[in-house]
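J.:
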Amino acid sequence: MSRGGVHGFQADRLSQILAVRRLTQAQLASLVGVSPGTVSKWKAGTQAPEFEALNRLASVVNVTPDWFMQPYRPSLSTPLFRSNAAAHVAARTMLEGRLEWAEEVACGFTEFVDFPDVSLPKREFQNPEEITQEDIEDSADECRKLWRLGRGPVQDLALAVESAGILLVREETGIPQIEGLSGWSSRLGRPCILLSSDKDNGFRGRFDLAHELGHCILHKHIERATNRDRYNMMEKQAHVFAGAFLLPADGIGQDAPLHPTLDDLLILKRKWGVSAAAILMRLKALGLVDDDEATNLFKRRSARWGSKAEPGDEERAPERPRLLGRTVDLLVREGVMPLEHVSRHFGLSDNDLEMITALPVGYFKTKEKVVTLTRLRQEKVPSKERKLNPDGDYQAKVLNLSRGEKARK
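Rendered as structure tokens:
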């Protein structure tokens with residue numbers, strides 16, 4: 006329990022903000038104008054900052070002083086990361102904190118709106134060793150059927166994911182080694198996914214999102230791997246799921262020529278919205294190209310295009326999340342929350358909330374309005390009324406009310 010200083014200071018919030026801002030205790034102490042020992046006591050909960058120190062602290066880390074009084078209630082399962090082995094522990098902790106913020110924002114919105122119901126295949130795997138190739142293919146097929154996607158290309162995966170009740174955040178992280186992370190929120194009862202936008206590649210971004218979707222379905226009840234072999238197994242399974250989901254066997258199998266060339270792969274890339282490399286891996290997995298043919302194509306690809314970029318990468322813009330941003334707009338438009346009060350409601354800066362909700366920079370200083378994606382809580386829309394249209398619009402009933410009952414209390 007804290008002794009002295011401002012009453013109600015939450016030490017766990019200080020730990021969280023240090024992680025999110027990637028600051029050491031010594032760096033924060035220097036910025037706030039106190040000793041490292043003082044920050045250490047704040048963090049341990051044995052001492053709370055005085056009023057003036059709290060204001061300086063909040064200003065330095067760009068949150069409101071009240072934010073440090075909000076109880077810290079972590080409810081995300083330990084996130085699974087889409088990353089390479091070089092990803093630093095501090096970077097992972099920072100991204101976990103960002104995903105926790107997104108979860109908290111979404112929880113705050115549920116006072117006023119209902120998000121789409123979660124629609125995902127239910128799997129109860131307890132160990133990655135028990136998951137077979139057939140299990141993965143079946144899970145991907147069932148997910149497509151649940152979402153009524155047919156067997157062709159998914160036009161907008163971000164929209165499909167959000168329409169299925171998944172919380173999606175896509176933001177520039179400054180950590181390109183980590184493409185994404187995901188976990189299940191017990192408070193929201195839904196998966197949460199954060200994708201990095203640093204590489205700004207629409208084709209790779211779709212695969213990264215499908216990869217995280219695979220984790221959410223296959224590994225919901227499996228703890229994060231602590232050894233390299235187990236981690237690699239789970240990553241491979243999510244990779245296979247992404248290929249099976251984006252490129253169903255009976256769909257890509259009809260389009261792929263008997264002996265595809267690199268130019269053939271580019272044609273498939275444009276149609277299916279998946280990189281040529283990922284398509285080649287899927288064709289190999291399906292036995293549509295043999296090992297020697299796949300090896301030769303990968304060698305030609307590297308010699309002709311290099312190891313990273315592919316022709317046409319710039320032709321597809323990265324897909325953007327809509328759900329949280331349109332929730333903000335709905336609350337503002339219906340008079341539930343004034344535009345200038347939204348960020349303060351959560352204790353965050355305008356910039357942080359714009360990043361989390363995928364709203365444009367400066368949104369909270371404008372009066373722009375967009376079509377709504379969510380609905381006010383007072384009336385539940387039956388799931389059958391909610392569907393993906395061919396043109397990619399999400400249909401949801403919006404009440405003609407200025408404010409919900411909970412907002413008036």
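If you want my numbering, it's the 1-based position in the sequence shown plus 5. Glycine included, each C-beta is placed from N, C-alpha and C at the ideal position.
Taking Gln97 as the reference, which of Arg18, Thr178 and Asp17 has the closest Cα?
T.: Reading off the sequence, residue 97 comes out as Arg, not Gln. If we check each option's Cα against that of Arg97, Thr178 comes out closest.
J.: Just the Cα atoms here: how many angstroms apart are Arg423 and Ala163?
T.: In the structure as shown, the chain begins at 6 and stops at 414. Residue 423 is therefore absent and cannot be evaluated.
J.: Which residue spans inside the segment 30-89 form an unbroken beta strand (DSSP E) run of at least 3?
T.: Here the runs fully enclosed are 85-88.
J.: By DSSP's criteria, Trp310 is part of a beta bridge. Which residues make up the other side?
T.: Bridge partners of Trp310: none, in fact.
J.: Taking Gln52 and Gly9 to be in contact with their CB atoms under 8 Å, please state how far apart those CB atoms are, rounded to whole angstroms.
T.: Right, the Cβ-Cβ distance comes to about 6 Å (below 8 Å), so this counts as a contact.
J.: Throw me the rounded Cβ distance for the Met239 and Pro133 pair, which I believe falls under 8 Å.
T.: Correct: roughly 5 Å between the Cβ atoms.
J.: Considering only the beta carbon of each residue, do Arg103 and Pro253 sit closer than 8 Å?
T.: The answer is no: Cβ separation not under 8 Å.
J.: May I ask you to verify whether the segment 106-118 touches the segment 340-359, counting CB pairs closer than 8 Å and requiring at least 3?
T.: Judged by Cβ distances under 8 Å, the segment 106-118 makes contact with the segment 340-359, as three or more pairs qualify.
J.: Here's a check: name, in chain order, each residue in its chain whose Cβ is nearer than 8 Å to the Cβ of Ile136, leaving out the five neighbours to either side.
T.: Same-chain partners within the cutoff: Phe130, Leu223 and Gln242.
J.: Exposed or buried, what is Leu59 when buried is set at 16 or more other beta-carbons lying within 10 Å of its beta-carbon?
T.: Classification for Leu59: buried.
J.: Report buried or exposed for Val294, applying the criterion of at least 16 other Cβ atoms within 10 angstroms of its Cβ.
T.: Its Cβ being crowded by 16 or more others within 10 Å, Val294 is buried.
J.: Quick check: Ile198 and Leu100, are their CB atoms within less than 8 Å of each other?
T.: No, the pair does not count as a contact, with Cβ atoms beyond the cut-off.
J.: Near Pro79, which residues of its chain fall below 7 Å by C-beta distance, leaving aside the five closest residues on each side in sequence?
T.: Excluding positions up to five away in sequence, the list reads Glu105.
J.: Taking the CB atoms as reference points, tell me whether Val37 and Arg61 lie closer together than 8 Å.
T.: The answer is yes: Cβ separation under 8 Å.
J.: Report all residues from its chain with a CB closer than 7 Å to the CB of Pro326; omit the five preceding and five following residues, and keep chain order.
T.: Hits under 7 Å: Ala163, Glu167, Leu173, Val174, Arg175 and Ala363.
J.: Suppose you measure from the CA of Gly292 to the CA of Glu142; what does that come to, to the nearest Å?
T.: Approximately 14 Å between the Cα atoms of the pair.
J.: Once DSSP output is grouped into helix, strand and coil, what is the label at Leu302?
T.: If DSSP states are grouped into helix, strand and coil, Leu302 belongs with the helices.
J.: Please list the segments of the alpha helix (DSSP H) lying wholly inside the segment 140-189, counting only runs of 4 or more residues, in order along the chain.
T.: With a minimum length of 4 residues, the continuous alpha helix (DSSP H) runs that stay inside the segment 140-189 are 162-168.
J.: With three or more beta-carbon pairs closer than 8 Å as the criterion, would you say the segment 333-349 touches the segment 106-125?
T.: Segments in contact, yes.
J.: So what does Arg195 bridge to, in DSSP terms?
T.: According to DSSP, which records beta bridges pairwise, Arg195 is partnered with Ser190.
J.: Excluding the five sequence neighbours on either side, which residues of its own chain have a C-beta within less than 6 Å of the C-beta of Leu302, listed in chain order?
T.: The residues are Leu285.
J.: Using 8 Å for Cβ pairs, my map puts Arg209 next to Gly278. What's the rounded Cβ distance?
T.: Contact flag wrong, Cβ pair sits at about 11 Å.
J.: Do Ala49 and Ala24 have their CB atoms nearer than 8 Å?
T.: No, Cβ-Cβ distance for Ala49 and Ala24 is not below 8 Å.
J.: Of all the options Asp213, Lys370 and Thr83, which has the alpha carbon lying nearest to the alpha carbon of Val245?
T.: Measuring from the Cα of Val245, the nearest candidate turns out to be Asp213.
J.: What is the rounded straight-line gap between the Cα of Lys46 and the Cα of Pro54?
T.: Approximately 9 Å between the Cα atoms of the pair.
J.: With a threshold of 16 other CB atoms inside 10 Å of the CB of Ala314, please say whether the residue is buried or exposed.
T.: Classification for Ala314: exposed.
J.: Would Gly185 and Pro323 be called neighbours here (beta carbons separated by less than 8 Å)?
T.: No, they are not a contact pair.
J.: With burial defined as no fewer than 16 other Cβ atoms inside 10 Å of the residue's Cβ, what is the status of Ala63: buried or exposed?
T.: Answer is buried; the Cβ neighbour count reaches 16.
J.: Which partner residues does Ser201 have in the DSSP bridge list?
T.: Beta-bridge pairing links Ser201 to Glu176.
J.: How would you call His93, buried or exposed, if buried means at least 16 neighbouring beta carbons within 10 angstroms?
T.: So His93 ends up on the exposed side.
J.: Are the CB atoms of Ala215 and Phe250 nearer to each other than 8 Å?
T.: A contact, by the Cβ cut-off of 8 Å.
J.: If you drop the 5 nearest sequence neighbours on each side, which residues of the same chain put their C-beta closer than 7 Å to that of Gly157?
T.: Taken in chain order, the residues that qualify are Gly256.
J.: Tell me whether the beta-carbon of Leu270 lies closer than 8 Å to the beta-carbon of Arg309.
T.: No, they are not a contact pair.
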